[in-house]
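To keep things clear, I will list the structure first and then write my remarks on it.
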Amino acid sequence: MAAQQQQARSTRQGVPASARVAIIGGGISGLAAAKQLAAHDPVVFEATASVGGVWKHCVYRSTRLQTPRPDYEFSDYSWRNRDDPSFPTHAEICDYLEGYADRFDLWRYIMFGAKVVDVKFLGGAAAGFTELWSGTGEPLQGKPMWEVGVATAGSDNVQYYQFEFVVMCTGKYGDVRRMPVFPAGKGPEVFRGQVMHSLDYCKLSEEETVELMRGKKVVVVGYKKSAIDLALECAQANQGEGGEACTMVVRTLHWVVPSYSIWGLPFFLFYSTRLAQFLYERPNQGILRSMLCRLMSPLRAGVSKFIESYLSWKLPLDKYGLRPDHPFVEDYASCQMAILPDGFFDMADRDMIRFKRASSWCFSRDGVVLGDGTQLEADLVFLATGFEGKDKVRAVLPEPFRGLLVDKSGMMPLYRGTVHPLIPNMAFVGFVESVSNLHTSELRCRWLAGLLGGRFALPSVEDMVRHVGGEAEAMRRTTRFYRRHCISTYSIHDSDAMCADLGHRVHRKGNWIAELFAPYNNQDYKQD
Numbered sequence: 001m002a003a004q005q006q007q008a009r010s011t012r013q014g015v016p017a018s019a020r021v022a023i024i025g026g027g028i029s030g031l032a033a034a035k036q037l038a039a040h041d042p043v044v045f046e047a048t049a050s051v052g053g054v055w056k057h058c059v060y061r062s063t064r065l066q067t068p069r070p071d072y073e074f075s076d077y078s079w080r081n082r083d084d085p086s087f088p089t090h091a092e093i094c095d096y097l098e099g100y101a102d103r104f105d106l107w108r109y110i111m112f113g114a115k116v117v118d119v120k121f122l123g124g125a126a127a128g129f130t131e132l133w134s135g136t137g138e139p140l141q142g143k144p145m146w147e148v149g150v151a152t153a154g155s156d157n158v159q160y161y162q163f164e165f166v167v168m169c170t171g172k173y174g175d176v177r178r179m180p181v182f183p184a185g186k187g188p189e190v191f192r193g194q195v196m197h198s199l200d201y202c203k204l205s206e207e208e209t210v211e212l213m214r215g216k217k218v219v220v221v222g223y224k225k226s227a228i229d230l231a232l233e234c235a236q237a238n239q240g241e242g243g244e245a246c247t248m249v250v251r252t253l254h255w256v257v258p259s260y261s262i263w264g265l266p267f268f269l270f271y272s273t274r275l276a277q278f279l280y281e282r283p284n285q286g287i288l289r290s291m292l293c294r295l296m297s298p299l300r301a302g303v304s305k306f307i308e309s310y311l312s313w314k315l316p317l318d319k320y321g322l323r324p325d326h327p328f329v330e331d332y333a334s335c336q337m338a339i340l341p342d343g344f345f346d347m348a349d350r351d352m353i354r355f356k357r358a359s360s361w362c363f364s365r366d367g368v369v370l371g372d373g374t375q376l377e378a379d380l381v382f383l384a385t386g387f388e389g390k391d392k393v394r395a396v397l398p399e400p401f402r403g404l405l406v407d408k409s410g411m412m413p414l415y416r417g418t419v420h421p422l423i424p425n426m427a428f429v430g431f432v433e434s435v436s437n438l439h440t441s442e443l444r445c446r447w448l449a450g451l452l453g454g455r456f457a458l459p460s461v462e463d464m465v466r467h468v469g470g471e472a473e474a475m476r477r478t479t480r481f482y483r484r485h486c487i488s489t490y491s492i493h494d495s496d497a498m499c500a501d502l503g504h505r506v507h508r509k510g511n512w513i514a515e516l517f518a519p520y521n522n523q524d525y526k527q528d
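According to this note's numbering, the sequence shown is numbered sequentially starting from 1.
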């Protein structure tokens with residue numbers, strides 16, 4: 001039924017000569033890019049048979065969005081049930097994205113089963129490493145700059161197509177597993193049980209997951225959202241006679257939140273209003289504001305302590321040794337705040353989920369050995385160790401751009417979170433995080449459409465390099481986890497800069513009271 005419906009939607013079957021822009025990836029960012037760049041007749045290369053990205057192909061059966069519906073919607077396409085207070089399931093998100101594609105007829109731009117395996121640069125020396133980005137500063141120069149190699153489903157042949165501009169929307173999650181490295185003789189090869197990365201678990205049906213975990217001693221390595229959800233699913237599968245507890249091996253603790261309410265106050269008051277974000281450092285701020293930020297340091301610490309006091313009261317963090325040593329704001333500023341699924345600590349109280357802290361660990365024949373020598377027997381070990389999204393881009397980029405993708409700070413140096421100063425005629429969308437990644441991607445795609453449409457010009461390469469360096473320094477001073485490139489504590493300022501480039505209003509509210517005290521969301525950024 002889904003395949004027939006998709007075919008009826010008239011998806012793209014080939015690359016027309018009129019196409020000037022290639023978009024790689026059909027997830028949230030790819031759809032937003034297709035909508036905003038429709039004037040350029042883009043081609044969206046999607047490797048799978050459906051849109052949705054990680055929400056379609058890299059989720060557990062219990063996975064839900066961590067953001068309320070009104071904070072996770074396109075500015076011109078609302079949820080039909082946006083007043084529903086529950087967090088949407090992954091199936092609801094996929095339905096919402098398909099509805100967005102229907103509403104704006106985005107299917108006509110998408111080639112399904114089209115995996116990009118190679119990208120070649122055609123611009124020559126004149127377009128790279130010059131004073132102006134792409135040599136002239138112009139993103140569209142009337143000539144092909146990139147050649148994109150595409151392998152279609154069921155074929156070993158690679159077909160090459162030429163474009164003036166390429167938008168990378170492959171995302172930070174899924175596809176490429178982040179695997180821990182072990183000394184010789186201490187890796188999974190010595191373990192007689194089964195080892196599985198969370199990405200492989202995502203591909204199983206509900207019946208297969210229950211059969212896999214039921215009655216087995218399971219160890220989950222990790223303590224971020226995917227690890228927490230997986231441990232809960234394991235505990236649920238093992239309820240009843242013959243069930244075994246699931247043990248989480250925790251290397252780095254992070255703050256977890258039961259809901260978007262702190263001591264009865266809405267969470268947005270602390271970080272999502274213009275007044276709240278005034279307390280936090282912004283990239284490339286002046287001397288006066290830097291001095292003011294130092295003076296406001298006690299206020300920032302007070303906000304963080306206030307939230308920590310609630311979480312420590314509401315959750316049994318001390319009981320299970322799960323209270324982090326770092327301030328809450330460092331997790332929020334690095335987009336690592338996880339919303340707890342219902343029933344997680346209930347399962348811990350029933351001894352169905354256990355926790356073991358470890359700075360290091362390795363495999364043994366019978367399970368896992370922690371750094372202090374503690375041995376955990378296991379039949380099954382899950383690696384909820386994350387993904388290497390940047391490696392997906394590295395795999396197709398040619399040299400020297402492949403080696404320039406990440407700078408010495410470990411981040412992708414993206415001006416306005418979109419343009420790499422040293423990679424011409426290419427944009428990257430979906431590699432910057434915030435409380436609402438959908439809003440972040442949509443606004444960047446709108447900014448990109450303005451750039452390609454000639455509404456503004458980019459600064460020099462040197463100025464862009466300086467700007468992204470200042471952004472990295474601001475994040476480094478805010479959180480030890482800065483490499484994630486999260487803009488949560490200055491997201492309104494970030495949006496202001498893009499609106500200013502486009503010539504749009506910076507202050508989006510109707511009056512100064514709302515401007516200071518009301519939260520900003522996608523509805524504030526409806527097209528001017």
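We put the CB at the ideal spot given by N, CA and C, even for glycine.
What you are looking at is a predicted structure, and each value in this text was computed from that prediction instead of being measured.
Item	Value
By Cβ distance below 6 Å, which residues in the same chain neighbour residue 29 in space, the five residues on each side in sequence not counted?	169, 429, 430 and 441
Please classify residue 81: is it buried, with 16 or more other beta-carbons within 10 angstroms of its beta-carbon, or exposed?	exposed
Rank 209, 479, 454 and 266 by C-alpha distance to the C-alpha of residue 62 and give the top, closest one.	209
To which residues of the same chain is residue 335 closer than 8 Å at the C-beta, ignoring the five residues directly before and after it?	433, 434, 435, 484, 486 and 488
Considering only residues of the stretch 297-372, which uninterrupted beta strand (DSSP E) runs meet the minimum length of 3 residues and lie entirely inside it, listed in chain order?	353-357, 361-363 and 367-370
Could you give the DSSP three-state label for residue 146: helix, strand or coil?	strand
Contact check, residue 176 vs residue 149 under 8 Å by CB: the rounded distance?	Incorrect: roughly 19 Å between the Cβ atoms, too far for contact.
Write down every uninterrupted run of the beta strand (DSSP E) in the stretch 383-428 whose length is 3 residues or greater and which is fully enclosed by it, in chain order.	426-428
Could you spell out the range, first to last residue, of the alpha helix (DSSP H) harbouring residue 292?	287-295
Do residue 20 and residue 110 have their C-beta atoms closer together than 8 Å?	no
Per DSSP, what are the beta-bridge partners of residue 45 in this structure?	24 and 111
My guess is that residue 341 and residue 212 are in contact by the Cβ rule of under 8 Å, so how many angstroms apart are they, rounded?	Wrong, their Cβ atoms sit about 19 Å apart, outside the cutoff.
Tell me whether residue 64 sits in a helix, a strand or coil according to DSSP, three-state version.	strand
When the Cα atoms are used, what is the spatial distance from residue 291 to residue 280?	12 Å
Can you give me the C-alpha to C-alpha distance between residue 338 and residue 426, rounded to a whole angstrom?	32 Å
If I measure Cβ to Cβ from residue 79 and keep anything under 6 Å in the same chain, skipping five residues before and after, which residues do I get?	69 and 73
Here's the rule I'm using: 16 or more other beta-carbon atoms within 10 Å means buried, otherwise exposed. How should residue 241 be labelled?	exposed
Count the CB pairs spanning the stretch 99-108 and the stretch 417-426 that are closer than 8 Å, and state whether there are at least three.	no
Residue 4: buried (16+ other C-beta within 10 angstroms of its C-beta) or exposed?	Because the pLDDT of residue 4 is 45, which lies under 50, any placement of that residue in the model is unreliable, and the question is left without a value.
If contacts are defined as beta-carbon pairs under 8 Å, then residue 495 and residue 448 qualify, I think. What distance do you get, rounded to the angstrom?	The pair is not a contact, with the Cβ atoms about 14 Å apart (cut-off 8 Å).
Can you tell me which of the three DSSP states residue 121 falls into?	strand
Going by CA-CA distance only, name the one from 283, 493, 9 and 500 that's closest to residue 516.	493
The alpha helix (DSSP H) with residue 196 in it runs from where to where?	Run containing residue 196: none in the alpha helix (DSSP H); it sits in the beta strand (DSSP E), 194-197.
Classify residue 271: buried if its beta carbon has 16 or more other beta carbons within 10 angstroms, exposed otherwise.	buried
Can you check whether the CB of residue 60 is closer than 8 Å to the CB of residue 200?	no
Hey, out of 145, 374, 353 and 138, whose CA is closest to residue 360's CA?	374
Among 134, 66 and 104, whose alpha-carbon lies nearest the alpha-carbon of residue 464?	134
In chain order, what residues of the same chain lie with their CB nearer than 7 Å to the CB of residue 7, ignoring the 5 residues before and after it?	Low local confidence applies: a pLDDT of 47 at residue 7 is under 50, so the model's placement there is unreliable, with the coordinate-based value given in what follows. Nothing meets the Cβ criterion.
Exposed or buried, which one is residue 520 when buried takes at least 16 other CB atoms within 10 Å?	buried
In three-state DSSP terms, what is residue 7?	Confidence in residue 7 is poor, its pLDDT being 47 and thus under 50, which makes the residue's placement too unreliable to answer from.
Kindly indicate which three-state DSSP category residue 258 falls into: helix, strand or coil?	coil
Can you tell me whether residue 202 is helix, strand or coil according to DSSP?	coil
State the beta-bridge partners of residue 177 as determined by DSSP.	387
Rounded to a whole number of angstroms, what is the C-alpha to C-alpha distance between residue 56 and residue 398?	29 Å
Could you work out which residue in 75, 87, 114 and 491 is closest to residue 104 when comparing CA atoms only?	75
Does the beta-carbon distance from residue 197 to residue 383 come in below 8 Å?	yes
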